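Read through the structure below, which is laid out as structure tokens, and then see the notes.
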Amino acid sequence: MARGKKKEELNKKNPLHNEEEKEMQIDTGDKNTEIIDEEEVQKEKNNVAEESLDTEEDSAEKRWLERILTHPIKVLEKSGETETYVIKTVGEVIDTEQDIWYSPKKKKPIISDPGTKKLIEATGATFPKIIVIEKQSDATSRDREQVWIEATVLFPDGTTNEDYGIANRMNCPDPISGANLPIMARKRGMHRAFYRSGYIGLYELNDENEVLEARGEKEERQYKLLQEKLKQQELKNKKLVNQMCKEIKSPDGELVWKINDQSKLTQLAKGTSLVSYLALLKLRHLSKKEKANS
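Just so you know, UniProt numbering puts 17 at position 17 of the sequence shown, and the rest follows in order with no gaps.
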């Protein structure tokens, strides 16, 4: 009984000799040389998984995008002098990765200007009439400048639809669109007439040219997705480094990371080999643990 108690006391004084070695996290002042334990890696993976779980906003986005991308439209196909109509979905005409995204601010999908042009061309729609309804300009105050254009779209079946586009300093706040009010009004009028027609039937779709403030959402979202991918790749790389470090052996065939004899580690640390470097890391790790336990 006394021997058992004495042995227990000795183990308390030298916790390094009786503690099962796991993958260790070594603070060397260089993040690239950290060895992360399995629990931390798993914890970070769990955090990533939790962040990727569908939220209510994610569900709304999926429903909206599916609704728009599966919406059928009549596509005009020409073969010589023959013209035929083929029913295709919006997703078959536009680039689903680049031409459409969901705006959390507007709670609806937004389609890009290039995507709209692809749909207009695919359906064979034309714009026989684009007229300026109103153009205001106050020489003493550019803030009151406004252009109002009405556009008429003509579809291959002979049906038409009219709608308008308004561009002013309030709805064109950035320098580029603000300097091109007639162009913005024209695009808005054409695209509204196209989408909100009975022929197309996408009355609730937001056009990029009408929702200038939401343009940055696409880039922001892509940036966040890239950050997430980089984070996941970093976790994979750290786990791979952990495994590699666990398998490095000394010239005597002993796993370096399992060695707790500081004199042996000091000898191994002399040199520039990978074994020497790992021995140095283990020495720093042991030193850190000794300070924490003292």
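Glycine included, every Cβ here is placed at the ideal spot set by N, Cα and C.
Model, not experiment: these values are computed from the prediction.
The Cβ atoms of PRO173 and VAL147 lie no closer than 9 Å to each other. DSSP places PRO114 inside the alpha helix (DSSP H), whose first and last residues are 113-123.
Residue pairing for SER79: DSSP places it in a beta bridge opposite THR82. Cβ contact annotation for SER112 (same chain, cutoff 6 Å, sequence separation greater than five): ASP99 and GLU208, in chain order. Between the alpha carbons of TYR223 and VAL256 lies a gap of roughly 40 Å. When C-alpha distances from ARG186 are compared across LEU235, ILE176 and ILE130, the shortest belongs to ILE130. The Cβ atoms of CYS245 and LEU278 sit closer than 9 Å to each other. As computed with DSSP, VAL153 is found in a beta bridge with ASN161. For LYS282, the number of other beta carbons within 10 angstroms of its own is at least 16, and it is reported as buried. For a cut-off of 8 Å, the C-beta gap from MET184 to SER177 is around 5 Å, short enough to register as a contact. ILE94 and SER103 do not touch by the CB rule: their CB atoms are close to 16 Å apart, not below 8 Å. Residue environment for LYS291: exposed (fewer than 16 other C-beta atoms within 10 angstroms of its C-beta). Taking the C-beta atoms as reference points, ARG196 is found nearer than 9 Å to ASN161. Beta-carbon to beta-carbon, ILE120 and PHE194 are separated by about 6 Å, close enough to satisfy the 8 Å threshold. In this structure, THR116 lies away from THR89, with their beta-carbon atoms at least 9 Å apart. When secondary structure is reduced to three states using DSSP, LEU240 falls in the helix class. For TYR203, there is no enclosing beta strand (DSSP E), since its DSSP letter is neither H nor E.
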